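Enquirer: Next up is a structure, given as structure tokens.
Okay, here's the thing in structure tokens:
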């Protein structure tokens, strides 16, 4: 049996049934829906979910497509000044429900600002606070005079007059309340969600950039701008994904190599 909660067993009639359990999680069902997914004839429905409404597994060639997706993704720092089709964003958000979380808790929350005018409002406040602090040589904990000066120089070229959000018309932020012994798990959940969203957005033809500096600015220099996100103060918020239609099209992927940084233990040939 593949039931991770070990609450499904075969009854006397030979059909699977769920045993009584104390509560969801470690003491019972994990709500993983593996039982619905594994049945080859689609005979199991659970939590009002029917097998006929599930997406089918990807085709065999998906590995090749995923390889191309990963190799061709890059940080986009120049975007078209237009909103993404909301149908695309909604489809990505729907798929994000399946992003893995520790213990299948599903506590991670997503804040998506897919209105470029709202992003500009947040940008105006945060950028002003950032500039005012820089004039006093006050920066985020990750920056200094040197790094800030280099970033300002890049605004004239790659960053299109915006070192904060890189001109991205939309923002995605995964955040979660961090409490007790599960604090580190919560942080990992957010980082995994960030990676999943970024890849999904690329798969739908969007440009993306994962930003830590802008998150630091909102956390450390611009509390008013952070409040505009309506994210609770006790939520972990470390990475922001900027996304939108890329201004630049690339013809091919890059050819990076890890060399001696890969440690691989292969089966010995007999």
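Numbering (this note's numbering), first residue to last: 550 to 819.
Even for Gly, the Cβ is constructed at its ideal location relative to N, Cα and C.
None of these values were measured; they are calculated from a predicted model.
#1: Under the rule that 16 or more other beta-carbon atoms within 10 Å means buried, what is residue 756, buried or exposed?
#2: With a threshold of 8 Å, are at least 3 pairs of Cβ atoms found where one atom belongs to the region 787-802 and the other to the region 618-632?
#3: If contacts are defined as beta-carbon pairs under 8 Å, then residue 689 and residue 766 qualify, I think. What distance do you get, rounded to the angstrom?
#4: Suppose only complete runs of 3+ residues qualify. What are the beta strand (DSSP E) ranges in the region 649-697, listed by chain order?
#5: Can you tell me whether residue 714 is helix, strand or coil according to DSSP?
#6: Can residue 552 and residue 584 be called in contact, C-beta distance under 8 Å?
#7: Please confirm whether residue 662 and residue 719 have their CB atoms less than 8 Å apart.
#8: So, at 8 Å on beta carbons, what are the nonlocal neighbours of residue 603 in its own chain, with the 5 sequence-adjacent residues on each side left out?
#9: Based on DSSP bridge pairs, tell me the residues matched to residue 745.
#10: My guess is that residue 694 and residue 704 are in contact by the Cβ rule of under 8 Å, so how many angstroms apart are they, rounded?
#11: Helix, strand or coil for residue 642 per DSSP?
#12: Of all the beta strand (DSSP E) runs that stay within the bounds of the region 774-817, which reach a length of 3 or more residues?
#13: Comparing C-alpha positions only, which one of 769, 807, 744 and 781 sits nearest to residue 678?
#14: Are residue 593 and residue 746 close, meaning C-beta to C-beta below 8 Å?
#15: Kindly indicate which residue of 564, 555 and 591 has the alpha-carbon position closest to the one of residue 576.
#16: Pick out whichever of 618, 631 and 630 has its Cα sitting closest to the Cα of residue 748.
#17: Look at the Cβ atom of residue 579, then the Cβ atom of residue 653, and state whether they are nearer than 8 Å.
#18: Write down the C-beta distance between residue 675 and residue 713 rounded to the nearest angstrom, noting that I regard them as a contact closer than 8 Å.
#19: Whose CA, out of 581, 571, 595 and 574, lies closest to the CA of residue 565?
#20: In the DSSP assignment, find the alpha helix (DSSP H) that holds residue 770 and state where it starts and stops.
#21: Quick check on the DSSP output: the beta strand (DSSP E) that includes residue 566 runs from which residue to which?
#22: Look up residue 593 in the DSSP assignment and say whether it is helix, strand or coil.
#23: Start and end of the alpha helix (DSSP H) containing residue 760?
#24: Please name the residue in 738, 762 and 788 whose C-alpha comes closest to that of residue 722.
#25: By the three-class DSSP mapping on this structure, what secondary structure does residue 573 have?
Expert: Well, looking at it:
#1: buried
#2: yes
#3: 6 Å
#4: 658-662
#5: coil
#6: yes
#7: yes
#8: 585 and 586
#9: Answer is none; residue 745 lacks a bridge partner.
#10: So it is not a contact: roughly 16 Å between Cβ atoms.
#11: helix
#12: 789-793
#13: 769
#14: no
#15: 555
#16: 618
#17: yes
#18: 6 Å
#19: 595
#20: From DSSP, residue 770 is part of no alpha helix (DSSP H); its letter is neither H nor E.
#21: 565-567
#22: coil
#23: Unbroken run through residue 760 is the beta strand (DSSP E), 756-760; no alpha helix (DSSP H).
#24: 788
#25: coil
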